[in-house]
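Undergrad:
Protein chains in written order, with the numbering used here: chain A, 1 to 368; chain G, 369 to 736.
#1: What number of angstroms, rounded off, separates the C-alpha of residue 456/G from the C-alpha of residue 394/G?
#2: Does DSSP put residue 11/A in a helix, in a strand, or in coil?
#3: Taking the continuous beta strand (DSSP E) assigned at residue 19/A, which residues delimit it?
#4: Between 447/G, 435/G, 493/G, 504/G, which has its C-alpha nearest residue 477/G's C-alpha?
#5: Are three or more beta carbon pairs between the segment 164–179 of chain A and the segment 293–310 of chain A nearer than 8 Å?
#6: Are any of the Cβ atoms in chain G nearer than 9 Å to that of residue 87/A?
#7: What whole-angstrom Cβ distance do residue 659/G and residue 498/G have, given they're in contact under 8 Å?
#8: Among 416/G, 560/G, 458/G, 389/G, which has the Cα closest to the Cα of residue 152/A?
#9: So residue 299/A contacts chain G; which residues on that side make the cut at Cβ distance below 8 Å?
#10: When DSSP labels each residue in this structure, what does residue 67/A get in the three-state scheme?
#11: With distance defined between alpha-carbon atoms, name the residue in 23/A, 331/A, 125/A, 234/A nearest to residue 48/A.
#12: Can you have a look at residue 513/G and say buried or exposed, based on whether 16 or more other CB atoms are within 10 angstroms of its CB?
#13: So what's residue 314/A in DSSP terms, helix, strand or just coil?
#14: Starting from the beta carbon of residue 615/G, find every residue of chain A whose beta carbon is closer than 9 Å, and list them in chain order.
#15: Could you name the residues of the same chain whose beta carbon sits closer than 7 Å to that of residue 121/A, not counting the 5 residues immediately before and after it, in chain order?
#16: Check residue 171/A in the structure and name its three-state DSSP category.
#17: Run through chain A and tell me which residues come within less than 9 Å of residue 740/G, C-beta to C-beta.
#18: Could you give the distance in angstroms between the alpha-carbon of residue 405/G and the alpha-carbon of residue 454/G?
#19: Smallest Cα separation from residue 7/A: which of 261/A, 314/A, 339/A?
#20: Check each candidate in 256/A, 221/A, 217/A, 233/A and name the one with the smallest Cα separation from residue 607/G.
#21: So the beta strand (DSSP E) residue 101/A belongs to, where does it begin and stop?
#22: Output, in chain order, the set of chain G residues within a Cβ distance shorter than 7 Å of residue 243/A.
#23: Return yes when the Cβ of residue 511/G is within less than 9 Å of the Cβ of residue 598/G, no when it is not.
#24: Between 710/G, 486/G, 472/G, 629/G, which has its C-alpha nearest residue 669/G's C-alpha?
#25: Does the CB of residue 265/A have a neighbour CB from chain D at under 9 Å?
#26: Would you check if the distance between the CB atom of residue 203/A and the CB atom of residue 211/A is smaller than 9 Å?
#27: If you count every other CB in all the chains shown that lies within 10 Å of the CB of residue 625/G, and 16 or more means buried, which is it?
#28: Tell me the residue span of the alpha helix (DSSP H) that contains residue 589/G.
#29: Ignore the nearest five residues each way along the sequence and tell me which others in residue 82/A's own chain have a CB closer than 8 Å to its CB.
#30: Residue 19/A: which of 45/A, 28/A, 31/A, 34/A sits nearest, CA to CA?
#31: Using beta-carbon positions only, say whether residue 251/A and residue 505/G come within less than 9 Å of one another.
#32: Quick one: list the residues of chain G neighbouring residue 32/A, beta-carbon separation under 8 Å, in chain order.
#33: Between the C-alpha atoms of residue 464/G and residue 443/G, what's the straight-line distance to the nearest angstrom?
#34: Does the CB of residue 658/G have a neighbour CB from chain A at under 9 Å?
#35: What separation, rounded to the nearest whole angstrom, lies between the Cα atoms of residue 148/A and residue 243/A?
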């Protein structure tokens with residue numbers, strides 16, 4: 001990353017904006033002092049907050065607007081009437097080349113619609129995907145799509161694999177990331193056709209990807225895949241289910257340790273361990289979904305994120321914008337499209353060899 | 369439940385069969401002393417085990433067979449060649465009316481295939497669903513389908529709602545269970561058409577169901593629905609994701625409390641709380657998927673269940689078999705089919721009013 005990296009911020013997006021946004025940006029700048037930030041929002045609210053955020057005050061510019069997208073606004077309304085909102089203007093800064101990335105904690109549907117409309121998808125990508133970093137026993141993986149599209153064709157799933165591969169290679173610093181498709185494990189049911197067709201595409205050695213086959217929901221946290229590809233409906237259900245399960249277990253934990261005096265004393269002594277555990281379980285530590293496949297970096301922070309959460313969304317944006325993410329994708333897309341073209345010319349449908357459940361013969365993938 | 373309830377058991381199914389099966393059945397009989405059990409499996413392995421399971425020895429009959437379905441057998445093979453397996457014979461006991469329910473911890477795909485083939489679906493139900501009891505902050509809900517079908521049409525989702533309603537009414541003892549459909553929350557994307565069509569069917573007051581609209585993945589554990597309906601692909605991914613998340617957090621917890629001497633001392637003092645927590649997090653405590661919609665009760669115990677887990681699968685089987693589950697379903701199916709027929713005659717497609725995201729106008733449902 002160069003010292004001139006510029007990130008634009010929708011300062012009015014999210015449940016606790018602009019307070020959390022300012023506090024999060026200040027935190028972020030302690031780690032990334034060279035980054036320049038463009039704040040889009042209400043000057044009258046922002047200026048007093050900057051008084052107690054000296055790093056941000058020195059490294060940012062405020063672009064005033066009265067309008068903001070609310071959490072309940074419909075994406076269609078925002079598309080038609082939202083040109084003066086802080087979200088629109090923050091995205092526009094990326095479109096105009098004034099910033100390399102944009103971060104918003106606002107309305108997800110509106111952000112998705114505006115980002116697609118303003119930035120357009122990268123050449124060769126049919127649809128953008130919402131990716132998220134998923135915690136595992138050891139390390140992390142990227143899961144996509146977690147909500148940008150309800151359905152995905154085999155070609156779109158292959159696109160997602162390339163987007164995820166580039167993300168894992170750059171942001172997660174994985175060498176030769178292992179790519180898998182999320183499926184179900186019943187022997188009798190091999191999953192939807194699109195998944196099997198996508199597997200056949202990704203297995204093709206010409207693509208040079210390290211495709212390891214199908215994984216199941218529990219492999220998200222325990223498996224070895226660095227990239228897990230799914231349609232946006234399934235991915236969103238998995239993400240929300242994991243969040244709900246984590247909240248349920250946190251509730252059970254509090255409940256269990258409030259039981260007896262001895263338990264409470266034990267919990268008091270183990271307070272440090274509890275804090276460590278809470279930090280790892282806290283979604284705000286791995287905060288930030290990212291829209292992949294657009295002409296520009298768009299990071300969605302959790303709407304209810306605290307300052308640490310917003311700072312980690314900025315961190316993700318800085319990592320992506322400062323990496324070779326986009327150039328990696330472009331090169332791989334050329335290969336994918338050439339492979340698909342050749343497949344069509346040879347009239348050999350890719351699903352022909354899609355009968356195995358798991359491809360354990362990991363391709364000795366040639367890295368780009 | 370009458371004292372003459374009979375349950376047939378595939379004694380050779382599961383990773384730790386028949387040892388765990390015998391131990392689990394013995395545990396179960398302490399709670400349900402009047403139940404009669406038919407054990408299908410290898411007499412030479414079972415008889416010595418019964419020596420240390422006096423309740424089971426007194427309340428069971430062994431039906432010897434040399435053959436068993438292995439975890440790696442393909443369902444198709446078992447259908448063609450498996451007529452002498454313990455799984456087939458145990459299901460056959462239900463078909464022949466010699467038992468009210470069957471329990472197996474064996475190969476899920478094979479159990480599903482054999483159960484469908486041998487018992488057939490109930491009149492009016494297109495496809496059976498695999499249901500599971502899901503833990504919540506307060507109480508439980510039933511989620512279905514979690515893996516019996518990859519896809520589900522609107523009519524099949526409506527069938528699942530009725531199956532789930534009958535399950536929640538009887539086994540979970542919910543009065544007027546709240547029924548929801550699992551969907552994603554993005555405003556822009558209202559989810560697949562089949563979900564909206566199913567919602568329109570379930571919203572119809574003639575059906576008399578308490579349909580509360582769409583819920584998201586995190587509502588499975590935190591929401592108020594008693595029945596959550598989904599297709600088998602999505603439901604299976606959600607179930608496995610929840611299991612993986614629980615395992616990840618248990619791992620984080622062990623890791624956190626092993627950190628310092630003080631943490632370990634605290635954990636030692638709080639050992640009772642840990643046990644309580646582990647019990648609630650333990651999947652074997654809520655063990656047992658159930659195939660709903662067949663002519664007979666078929667319960668799938670987790671393949672890796674311990675004796676407590678297998679006992680709770682037997683518990684579920686006894687509850688279902690002893691309840692009015694089947695008669696409740698039959699009555700509701702008559703209503704559903706009559707409603708769908710009328711809808712077709714009036715040429716008013718049910719999706720006409722399916723534009724809302726959540727139907728908060730809960731029907732004052734008339735219980736059957």
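Every residue, glycine too, gets a C-beta built ideally from N, C-alpha and C.
Quick caveat: nothing in here was measured; it's all calculated off a predicted structure.
TA: In short:
#1: Counted from its first residue, the second chain places residue 456/G at position 88. Counted from its first residue, the second chain places residue 394/G at position 26. For the pair residue 456/G and residue 394/G, the Cα-to-Cα distance works out to about 23 Å.
#2: In the first chain, residue 11/A corresponds to position 11, counting from 1. Under the three-state reduction of DSSP, residue 11/A is assigned to coil, being neither helix nor strand.
#3: Taking the first residue of the first chain as 1, we reach residue 19/A at position 19. Per DSSP, residue 19/A lies in no beta strand (DSSP E); the unbroken alpha helix (DSSP H) holding it starts and ends at 19–31.
#4: Locating residue 477/G in the second chain gives position 109, counting from the first residue. Here the closest residue by C-alpha is 447/G.
#5: Contact between the segment 164–179 of chain A and the segment 293–310 of chain A is not established, with fewer than three Cβ pairs separated by less than 8 Å.
#6: Within the first chain, residue 87/A is the residue found at index 87, counting from 1. Chain G, which has no Cβ nearer than 9 Å to the Cβ of residue 87/A, makes this no.
#7: On the second chain, residue 659/G is found 291 positions in, with the first residue counted as 1. On the second chain, residue 498/G is found 130 positions in, with the first residue counted as 1. Correct: roughly 6 Å between the Cβ atoms.
#8: Sequence index remark: in the first chain, residue 152/A carries index 152 (1-based). Out of 416/G, 560/G, 458/G, 389/G, 560/G has the C-alpha closest to the C-alpha of residue 152/A.
#9: Along the first chain, one-based indexing puts residue 299/A at 299. None at all; the shortest Cβ gap to chain G is about 17 Å.
#10: Within the first chain, the letter at position 67 stands for residue 67/A. Strand at residue 67/A.
#11: To locate residue 48/A, count along the first chain from 1; it is residue 48. Of the listed residues, the one whose Cα sits closest to residue 48/A is 23/A.
#12: Residue mapping note: residue 513/G aligns to position 145 of the second chain, counting from 1. Counting C-beta atoms within 10 angstroms of its own C-beta, residue 513/G has 16 or more neighbours from the protein chains shown and is therefore classed as buried.
#13: Numbered from its first residue, the first chain carries residue 314/A at position 314. Residue state, collapsed to three classes: helix.
#14: Taking the second chain and counting its residues from 1, one reaches residue 615/G at position 247. Correct list: 137, 218, 221, 222.
#15: Counted from its first residue, the first chain places residue 121/A at position 121. Taken in chain order, the residues that qualify are 127, 128, 293, 294.
#16: What you label residue 171/A is simply residue 171 of the first chain in a count that begins at 1. Coil at residue 171/A, not helix or strand.
#17: The structure shown does not extend to residue 740/G, since chain G is modelled only from 369 to 736, so the question has no answer here.
#18: Numbered from its first residue, the second chain carries residue 405/G at position 37. Numbered from its first residue, the second chain carries residue 454/G at position 86. As the crow flies, the alpha-carbon of residue 405/G is around 14 Å from that of residue 454/G.
#19: Indexing the first chain from 1 puts residue 7/A at position 7. The option with the nearest alpha carbon to residue 7/A is 314/A.
#20: Numbered from its first residue, the second chain carries residue 607/G at position 239. Of the listed residues, the one whose Cα sits closest to residue 607/G is 217/A.
#21: Your numbering for residue 101/A matches position 101 in the first chain. Where residue 101/A is concerned, the enclosing beta strand (DSSP E) stretches over 101–104.
#22: As a first step, residue 243/A must be located in the first chain, where it is residue number 243. In chain order: 586.
#23: As a position in the second chain, residue 598/G is number 230, starting the count at 1. As a position in the second chain, residue 511/G is number 143, starting the count at 1. Contact: yes.
#24: The residue given as residue 669/G occupies position 301 in the second chain. In terms of CA proximity to residue 669/G, 472/G leads the group 710/G, 486/G, 472/G, 629/G.
#25: As a matter of chain content, chain D is missing from the structure shown, whose protein chains are A and G.
#26: Here residue 203/A refers to the residue found at position 203 when the first chain is read from its first residue. Here residue 211/A refers to the residue found at position 211 when the first chain is read from its first residue. In this structure, residue 203/A sits near residue 211/A, with a CB-CB distance shorter than 9 Å.
#27: By 1-based counting over the second chain, the position of residue 625/G is 257. Its Cβ being crowded by 16 or more others within 10 Å, residue 625/G is buried.
#28: Here the question's residue 589/G lines up with position 221 in the second chain. Per DSSP, residue 589/G is one residue of the alpha helix (DSSP H) stretching across 587–590.
#29: Counting from one through the first chain, the residue named residue 82/A turns up at place 82. The residues are 67, 69, 73, 88, 110, 114.
#30: Position 19 of the first chain, counted from the first residue, corresponds to residue 19/A. Measuring C-alpha to C-alpha distances from residue 19/A to each of 45/A, 28/A, 31/A, 34/A identifies 45/A as the nearest.
#31: As a working note, residue 251/A is residue 251 in the first chain. As a working note, residue 505/G is residue 137 in the second chain. Going by C-beta atoms, residue 251/A is nearer than 9 Å to residue 505/G.
#32: As a position in the first chain, residue 32/A is number 32, starting the count at 1. Per Cβ cutoff of 8 Å: no residues; residue 32/A is ~28 Å from chain G at best.
#33: For this step, residue 464/G is matched to residue 96 along the second chain. For this step, residue 443/G is matched to residue 75 along the second chain. One Cα belongs to residue 464/G, the other to residue 443/G, and the distance between them is close to 22 Å.
#34: Here residue 658/G is taken as the residue at index 290 of the second chain, counted from 1. By this cut-off, residue 658/G is not an interface position.
#35: In the first chain, the residue the question calls residue 148/A occupies position 148. In the first chain, the residue the question calls residue 243/A occupies position 243. So the alpha carbons of these two residues sit roughly 18 Å apart.
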